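Throughout the sequence shown, residue numbering follows full-length UniProt numbering, covering 1 to 440 in sequence.
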Amino acid sequence: MHLYGTQAINDQGHLTIGGTDTVELAKEYGTPLFVYDIQLFRDRAKAFQKTFEDEAIGYQVAYASKAFSSIAIYQVAAEEKLSLDVVSGGELYTAVQAGFPKEKIHFHGNNKSEAELRMAFKEEIGCIVVDNFYEIELLKKLSEELEQPMNILLRVTPGVEAHTHDYITTGQEDSKFGFDLKNGQAEEAFLRTYDHPFLKLMGLHCHIGSQIFDTTGFQVAAEKLVEKMSGWEEKHGYRCTVLNLGGGFGIRYTDEDQPLEPAVYVRDMIRTVKKVSAAAGYKVPEIWIEPGRSLVGDAGTTLYTVGSMKEVPNLRKYAAVDGGMSDNIRPALYGAKYSSILANKATSEANEKYTIAGKLCESGDKLIEEAILPSMEAGDILSVFCTGAYGYSMASNYNRIGRPAVVFVENGEHQLVVRRESNEDLISHDMSYKQKVKGK
Ligand SMILES: *Cc1c(COP(=O)(O)O)cnc(C)c1O
């Protein structure tokens, strides 16, 4: 059994998080319930920031908030002096409502609408990460019309794709995101923006993958981007001051995952940038990173109540819980793996093999293919670990199941930060259909 952050087992054999008994949380707030260990979030944020401080380099650590977007987490991110990545008008609106410092908001996306870009100008956010030529033209038009400046980064595809255990260099990257570095698109984007009166080109951005356990991909990407920026300075006399290397730092979902310490990814990245910059005679740029999963992933745990069981003789035992793909689609979507324990019997011997099924009408709605747990009965509380990233944020109302509640725990305190969706919430956008009779 592997516990995360402030998790512990108390005298009653119950899982606690942030000093709070999870069985009590399940009783008070109902299940499924997302529980976030806020201390862990803060510690991660500080670990990333400290590495930059130790290396004495200009930086921004932006929380890539598509991993989990809510007013409360944005407020904690602000307390930790993080910057914030948003990818839609909805996320931007949430950040504004949370009172997040606007100058530290970065706007991403491969198809931002004109309305979304207007919102970014109106809120005077920190920067827009520009993805394509269509967006360049839209931004020029808007900034000229509003006579308003906007900082921009150009998102480029460096031809490096990082996967969990390795990376590949691809010649021409087939990606829907960004300007290709190799085929001249990035250069063209630079030429179309660097001397614009309102668009202030700060630098380059890339994001090479997610759930990465190795620093090589980041180093290769850093090298390519610094060389490009240095080349532009020589050729055009324009210096980019920011290098954003994205997110993707891996976390431990199961025993199979062996991530590096967050600081290690960042330290190797910084040292590469320093080395390559020195070699090119380029002033070391600020480095920005965008962790999502590694800030909220293992900080989140989902509590479920166990209900029906089914045994397929000689094959497997199914145990069904009161949620599933509506609150965590990752197993069904891409075979993601999770570990779990029984929160109310955490010290009982785990000697039974179960398949944890959800309650939604899809055979593929299974949360864990093979979980070794103590013998279960209806009413037990199952805690599934590492659900904090891309769980709630990808939740749906499939089967008209309301999305779960979210609770933050810290220092023995617990607080509801997202209310459970009620049946009334589920029909709140529905309207009755009245047949119109022709000719009347
Ligand atoms: C999703 C995303 C991230 C965060 O990725 P994680 O794997 O959650 O760290 C960062 N930057 C960009 C551009 C992204 O799209």
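Just so you know, even glycine gets a beta-carbon here, dropped at the ideal spot from N, CA and C. Here the structure is a predicted model, which means the values were calculated and not measured.
#1: Report yes if the CB atom of Gly402 is closer than 8 angstroms to the CB atom of Ser428, and no otherwise.
#2: Exposed or buried, which one is Leu407 when buried takes at least 16 other CB atoms within 10 Å?
#3: Which of helix, strand or coil does DSSP assign to Glu147?
#4: Using DSSP with H/G/I as helix, E/B as strand and the rest coil, what is Ile38?
#5: Is Gly402 close to chain D, meaning its C-beta is less than 8 angstroms from at least one C-beta of that chain?
#6: Ends of the beta strand (DSSP E) at Tyr354?
#7: By a C-beta neighbour count over all protein chains shown, 10 Å radius and 16 as the cutoff for buried, is Pro331 buried or exposed?
#8: Would you kindly work out how many angstroms separate the C-alpha atoms of Ala62 and Ser339, rounded to a whole number?
#9: Do His205 and Val129 count as a contact pair if the criterion is CB distance below 8 angstroms?
#10: In terms of residue numbering, what span does the alpha helix (DSSP H) encompassing Val76 cover?
#11: State yes or no: is the C-beta of His106 nearer than 7 angstroms to some heavy atom of ligand 1?
#12: Put Ser393 into one of helix, strand or coil per three-state DSSP.
#13: Assign Val87 to one of three DSSP states: helix, strand, or coil.
#14: When the distance is taken between beta carbons, is Lys66 closer than 8 angstroms to Glu91?
#15: Okay, do the segment 25 to 45 and the segment 388 to 396 touch, 3+ Cβ pairs below 8 angstroms being the bar?
#16: What did DSSP end up calling Ser383 once you bin it into helix, strand or coil?
#17: On the criterion of 16 or more Cβ atoms from any shown chain inside 10 Å, does Pro313 qualify as buried, or is it exposed?
#18: Between Lys283, Ala343, Ile368, which has its C-alpha nearest Glu377's C-alpha?
#19: Are there three or more Cβ pairs, one per stretch, closer than 8 angstroms when the segment 264 to 280 is compared with the segment 353 to 368?
#20: Short of 6 angstroms in beta carbon distance, which residues of its chain neighbour Ala350, apart from the five on each side in sequence? Order them along the chain.
#21: Hey, would you say Tyr59 sits closer than 8 angstroms to Phe100, going by beta carbons?
#22: Comparing the CB of Glu227 with every heavy atom of ligand 1, is any distance shorter than 7 angstroms?
#23: Our contact map puts Arg42 next to Glu80 with C-beta atoms below 8 angstroms; I'd like the distance itself, whole angstroms only.
So, from the data block:
#1: no
#2: At residue 407 the sequence reads Val, which differs from the Leu that was named. Buried, because 16 or more other Cβ atoms sit within 10 Å of the Cβ of Val407.
#3: coil
#4: helix
#5: Looking at the structure shown, chain D is missing, and only one protein chain is on hand.
#6: 352 to 357
#7: buried
#8: 28 angstroms
#9: yes
#10: 71 to 79
#11: no
#12: helix
#13: coil
#14: yes
#15: yes
#16: strand
#17: exposed
#18: Ala343
#19: no
#20: Ile372, Leu373, Pro374
#21: no
#22: no
#23: 6 angstroms
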